[in-house]
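First comes the structure, then the notes that go with it.
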Ligand code: NOJ
């Protein structure tokens, strides 16, 4: 074929491949992002040890950092390599999501694949694949099938992340008290940290915002980061109980190690690097995947109004569920979650989950009648499977449990793993847990069921491949405001999550508490104003979004409830208008289904005025803005209730001053006006 025709054709396909055989002397290779701002370098030193580094606009982000592995049953793969082959690919394409924070995602990156071979007899091969995007770097190891590397027990992955300076990092500790990420985030210098979870978010001395995480965690252990010297972290894979980190057999690939790079904190929020590094959707028919809003027999348990187990306060009764369903139907909510419906909750259910049946209901919960009532009221029953960490016990009932729910028209199931360990000995985020959670997602998909997973392994973008993995917990959610002995989530908590936990994917934070007059534990309460609870619906993305409070409390707050009913769960566009991690953030998001825009702004304990330009709105159109803001005297600690609701006509040339009170927020709905309005 004529080369002049060939090259444009390849560009049309969105991918250009240039392959070259390096000369034996060539040991260093660069690859830049399409916008030339990020530059990746790979090199082998004299000893044949592989290193990579990353810069952004000539500012060092990651200094030369080591790559490699140690095994229990094989020699380490760390040195004595030569470069056997180098390939380069360019990709510029886009793909559509069935739901998300963006409808269309651009995948524009340059790839460098370096095949390394040991310089010895019985040589082994390790490929390092780097993808350099405008929003950062992803790289992974690939091990082809080969004679001298077959079945391996990884004892250590030696991937390093060496920062240019002793940067500030937003971090949370790894699996100690609990292994499902329910700690407060801290900000420290790198040198002051020990072992930290990902996503970990760095504010660099060069004014960059950098987040280290991983993508497509498949049949492997989660990566945590062990601080090994001044500015360096080394990968610390979460082990099996016997100390092995990962069991694998060639051919296999590791997850992608990701380094998101932004010039503002908002650049991290809108980064799509993690999704781009996951495999395309495997679920052909997505018609049953329904982003939706749900209420639940849930907050009542956390407030001790109801119990999960049987007794006079049992929450999951037929009558109570029917009342919740009637309320949901009347207010246009899509689903009703019911916890504590099934056998196994009596006594200390957290101690041993092997008492749980996922098919037998308690006698006061008529599952069939409830399913019929749901269908009649056009709401969905949302299922619940709490396992208390008894993963294999749950697996033994998985098919029966999902098939029962499928028959009854249930489309979403909330799963839970309240226990320090899975099956009494394995971490949630080791390879054991990763395999278990994947099995649940895949089995659920077979029965057309969406998953809302609590006490999960962290998100790594798998919702691209399995769009029935809707949302997860994996952080301190609203429930801590009911019973945490430390007083609940401090006001800054939700101004940190968007730049840390939320980079891992949607979160079932469960916003929407509108009544602050409860006392489960003296002094413990929701540390926000009412307006901030509304703004959280825009800030905290979850395609299954909860209206967390009790029906009787929504009846007392009709204005606030109106916003909760109207705010969408999924978005066709997302913009971060301003942000300072731990202090404030304002997001603007466009409804997936209409031309409405929504804004959510939240602050920490400080009051502040945030000026926002409305240039995200469409030119030449008048919008009616319904503004829900902190009223006079609103304060998260003394008086959370004052809410002022006002209407204003605006265009994209206008700006608004948002006045946020201590622990407060503003939520706005912008609706295009028709000519007769
Ligand atoms: C912990 C979950 O996070 C919470 O939402 C649920 O109510 C309890 N486990 C019981 O499953």
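In the numbering used here, the protein residues as written are -19 to 657.
Using N, Cα and C, we set each Cβ at its ideal position, and we do this for glycine too.
These numbers were taken from a predicted model, which means no experiment stands behind them.
Contacts around residue i, its chain only, beta-carbon distance under 6 Å, and the 5 residues preceding and following it disregarded
i           : result
residue 301 : 318 and 350
residue 607 : 626 and 648
residue 637 : 589 and 591
residue 571 : 548
residue 323 : 337 and 340
residue 286 : 280, 293 and 295
residue 1   : With a pLDDT of 46 at residue 1, under the threshold of 50, the modelled position of this residue cannot be trusted; read the value that follows with caution. Nothing meets the Cβ criterion.
residue 596 : 555 and 568
residue 630 : 594, 603 and 605
residue 366 : 396
Any C-beta of chain B under 9 Å from that of residue i
i           : result
residue 314 : Absent here is chain B; the protein component of the structure consists of one chain.
Cut-off 8 Å between Cβ atoms - residues of its own chain near residue i, not counting five sequence neighbours on either side
i           : result
residue 389 : 351, 354, 355, 360 and 361
residue 37  : 17
residue 85  : 74, 75, 76, 77, 252, 255 and 256
Coarse secondary structure for residue i, derived from DSSP in three states
i           : result
residue 170 : helix
residue 303 : helix
residue 597 : coil
residue 4   : Since pLDDT at residue 4 reaches only 44, below the 50 mark, its modelled position is unreliable, and the value read off the structure follows with that caveat. It is coil, neither helix nor strand.
residue 567 : strand
residue 443 : helix
residue 654 : coil
residue 538 : helix
residue 145 : coil
residue 119 : strand
residue 487 : strand
residue 658 : Residue 658 falls outside the range modelled here, since the chain spans only -19 to 657, and no answer is possible.
residue 214 : strand
residue 53  : coil
residue 549 : coil
residue 641 : coil
residue 181 : strand
residue 104 : coil
residue 432 : strand
residue 74  : strand
Distance between beta carbons of residue j and residue i, contact taken as under 8 Å
i           : j           : result
residue 225 : residue 134 : 5 Å
residue 282 : residue 462 : 4 Å
residue 258 : residue 503 : The Cβ separation is near 43 Å, so there is no contact.
residue 617 : residue 475 : That pair is no contact at about 16 Å.
residue 150 : residue 480 : 5 Å
residue 613 : residue 515 : That belief does not hold up - the Cβ atoms of residue 613 and residue 515 are roughly 18 Å apart, past 8 Å.
residue 34  : residue 41  : 5 Å
DSSP bridge partner residues for residue i (one or two, in chain order)
i           : result
residue 609 : 624 and 646
residue 581 : 566 and 646
residue 153 : 176
residue 282 : Note: residue 282 sits in no beta bridge, so no partner.
residue 467 : Looking at the DSSP assignment, residue 467 forms no beta bridge with any residue, so it has no partner.
residue 46  : 31
residue 16  : None, per the DSSP bridge assignment.
residue 242 : 189
residue 272 : 524
residue 209 : 212
residue 315 : 274 and 360
residue 126 : 129
residue 572 : Answer by DSSP bridge pairing: none, since residue 572 is not bridged.
residue 94  : 66 and 108
Beta-carbon proximity list for residue i, same chain, < 7 Å, skipping 5 on both sides
i           : result
residue 658 : Lying before the first or after the last residue shown, residue 658 is absent from the chain, which here runs from -19 to 657.
residue 542 : none
residue 458 : 489, 490, 491, 493 and 528
residue 505 : 461, 468 and 496
residue 326 : 289 and 290
residue 123 : 106, 129, 230, 231 and 232
residue 87  : 71, 73, 74, 75 and 256
residue 448 : 263, 269, 421, 424, 425, 429, 430 and 431
residue 50  : 56, 135, 136 and 138
residue 599 : 632
residue 220 : 406, 410, 411 and 412
Any non-hydrogen atom of ligand 2 closer than 8 Å to residue i Cβ
i           : result
residue 293 : In the structure on display, ligand 2 does not appear, and the ligands it does have are ligand 1.
How about the region 392 to 401 and the region 367 to 376: do they share at least three Cβ pairs that are nearer than 8 Å? yes
Are the region 56 to 64 and the region 74 to 88 touching by the rule of at least three beta carbon pairs closer than 8 Å? Contact between the region 56 to 64 and the region 74 to 88 is absent, because fewer than three Cβ pairs lie under 8 Å.
Indicate whether the contact test is met: 3 or more Cβ pairs, each with one atom in the region 109 to 127 and one in the region 82 to 95, closer than 8 Å. The answer is yes - the region 82 to 95 touches the region 109 to 127, with three or more Cβ pairs under 8 Å.
Three-pair Cβ contact test at 8 Å for the region 134 to 144 versus the region 208 to 219: yes
Using a Cβ distance threshold of 8 Å, determine whether the region 189 to 209 contacts the region 507 to 525, with at least three qualifying pairs required. no
Is the region 258 to 268 touching the region 304 to 316 in the sense that three or more CB pairs, one from each, lie closer than 8 Å? no
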